[in-house]
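As numbered in the working numbering, the sequence shown has no gaps in its residue numbers, which increase by one up to the final residue, 282.
Each residue gets a CB set at the ideal place from its N, CA and C atoms; glycine is no exception.
Worksheet for the structure shown next.
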Amino acid sequence: MKKIKPIRIIIYLFLIIMAVIYLAPLLWVLIVAFKDNNHELMVAPFSLPQSPSFANFTFAWTAGKLGIATLNSFLVCTISLILSMLIGSMAAFGIARLRWKFARLSLTYFLLGMMIPVHCVLIPLFSRFSSFGLNNSLVGLILPYVTCSLPVTIFIMVGFFEGLPNELIESACIDGATIYQIFYGVCLPLGKTGLFVTGLMTFVANWNELLLAMVFISDDLKKTLPVSLSKFVGPYNTNYTQMFAAIIIAIIPTIVVYCAFSNQIVDGLTAGAVKG
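In structure tokens:
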């Protein structure tokens, strides 16, 4: 029997402890969501529900209008994801693989966007969007979502495109491929791991975004999921069991995305970590 090294045991124990720390709150929220009311929660907050029920989930879905809110969030996040990945990958390809004078300066310009919090431009954005009639519309959310996602997307994709062998680009040029064929046929398929990482980061960030959606959207039929969740918190009373049920509904899509693309995410995060 192979002997396990002490350092490996310590690593496994550390990973188990971290898994418990991260999963325990989620499990507790799920348990509370099946309880009948706040009284059962206050009397025995960590006990299993006496009579598990889906009534909280039904109420959260219907009264909280989570159905239309989920559809709005999915629509906004999907369009923002496609635009940010398309524009960001093209800009990254131009910076990483094309020979032009202001490539590095352009990268610096885009990276400066990571240093500007959205709170600093919230009032100018609201004023400008009001003059263009973009307030209280999903387009008014998609535009800032795409803009805020571009710096990270470009930064990550530049690293992936710079790591591609020059021989592939040179071979494509010798075969007579145009710049667009090189991008769509050679570089983009090889950089798909980077697209998975940036796409996941963009989707999750936009899915959980609250500030812009709360400021720009006032129509209940156009509100996104995080804004709809805020309606479960009242000024004088909060039904925590119903709110936790709504939270479970809201986080299911992100959990599904993580589970479905876990292998691609790991490959994308570790790509370029070692050579050879």
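Here the segment 173-190 does not lie against the segment 128-146, with fewer than 3 beta-carbon pairs under 8 angstroms apart. The distance from the Cβ of Gly-70 to that of Ser-236 is about 10 angstroms, inconsistent with a contact at the 8 angstroms cut-off. Counting other Cβ atoms within 10 Å of its Cβ, Ile-10 stays below 16 and is therefore classed as exposed.
Around the beta carbon of Cys-265, fewer than 16 other beta carbons sit within 10 angstroms, so the residue counts as exposed.
DSSP, read as helix, strand or coil, puts Thr-199 in helix. Around the beta carbon of Asn-172, fewer than 16 other beta carbons lie within 10 angstroms, which makes this residue exposed. Annotation: Met-48 to Phe-135 spans about 45 angstroms, alpha carbon to alpha carbon.
Residue pairing for Thr-244: DSSP places it in a beta bridge opposite Val-239.
The segment 192-211 makes no contact with the segment 51-67; the number of CB pairs closer than 8 angstroms stays below 3.
In the DSSP assignment, Pro-12 falls within the alpha helix (DSSP H) that extends over 12-39. Taking 8 angstroms as the cut-off, the Cβ atoms of Leu-144 and Lys-228 count as close. Here Thr-247 really is in contact with Ala-39; their C-beta atoms are around 6 angstroms apart, less than 8 angstroms. Scanning its chain for C-beta atoms nearer than 7 angstroms, with the 5 sequence neighbours on each side dropped, one finds around Ile-254 the residues Val-35, Leu-36 and Ala-39, in chain order.
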